[in-house]
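Under the numbering used here, the first residue of the sequence shown carries the number 12, and numbering increases by one thereafter. For reference, the structure discussed in these notes is given below.
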Amino acid sequence: YEIRPRDWSSDVCSSDLSKMASEDRRIPVQNMIYIADGPSDVPSFSVVKNGGGRAYAVYNPDKSAEFEQNDRLLQSGRIHGYGPADYRAGSSTSQWLRLHIHQICDRIVADREQAVLKKASKPPRHLEHHSILHFRLGL
12 YEIRPRDWSS DVCSSDLSKM ASEDRRIPVQ NMIYIADGPS DVPSFSVVKN GGGRAYAVYN
72 PDKSAEFEQN DRLLQSGRIH GYGPADYRAG SSTSQWLRLH IHQICDRIVA DREQAVLKKA
132 SKPPRHLEHH SILHFRLGL
């Protein structure tokens, strides 16, 4: 089955998404992992990869031509990785997805922490003792 962001409804092609301002997207491309199985997905792989997201190709393990095709996609820099279309726990595809989901989540948390730090005002601090003494003594 297919899961895709609402941004990629059937009336919006991937080239339209690449032109969309990041603040107008419900899901930033850098938070996406695009998983697909064919050369027709190369434009979407490119949009996601160029936008900072992850591109992963899957293949049928019984078809060596699909494996070779995915290897060419990896060698040409169009995808980040590939594996069999096996999503069971412990599979190489499952492990790759888990690793990259955790990396994306860690980056999201770090980005949010930085945003909060930028917006938060500095806490009040104590004046140095001698400054208070000089003030009291009129020095």
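Beta carbons are placed, not taken as given, at the ideal position from N, Cα and C, and that holds for glycine.
Reference residue i, options the options, closest by Cα
| i | options | result |
| --- | --- | --- |
| D122 | V59, N42, H111 | N42 |
| M31 | Y93, S51, V59, I112 | V59 |
| V40 | S51, P50, S55 | S55 |
| Q114 | R36, I38, N61, R65 | R65 |
| R89 | P95, Q106, H111, G49 | G49 |
| I38 | Y70, I119, D73 | I119 |
| Q106 | K74, Y67, D117 | Y67 |
| A96 | G63, D73, D35, L110 | D73 |
Where the beta strand (DSSP E) containing residue i begins and where it ends
| i | result |
| --- | --- |
| V69 | 65-70 |
Residue interval of the alpha helix (DSSP H) (run including residue i)
| i | result |
| --- | --- |
| A121 | 103-130 |
| A47 | Premise fails: A47 lies in the beta strand (DSSP E), 44-47, not in any alpha helix (DSSP H). |
| D35 | Per DSSP, D35 belongs to no alpha helix (DSSP H) and is neither H nor E. |
| K60 | 53-61 |
| A76 | 75-86 |
Buried or exposed by the 16-neighbour rule on C-beta atoms within 10 Å, applied to residue i
| i | result |
| --- | --- |
| D52 | buried |
| A126 | exposed |
| L84 | buried |
| Y93 | buried |
| E77 | buried |
| Y12 | Only weak support exists for where Y12 lies, its pLDDT of 31 falling under 50; the coordinates are left without a value. |
| A131 | exposed |
| H91 | buried |
| N81 | buried |
| A100 | exposed |
| I112 | exposed |
| Y70 | buried |
| Y45 | buried |
One or two residues paired with residue i in a DSSP bridge
| i | result |
| --- | --- |
| P95 | Y70 |
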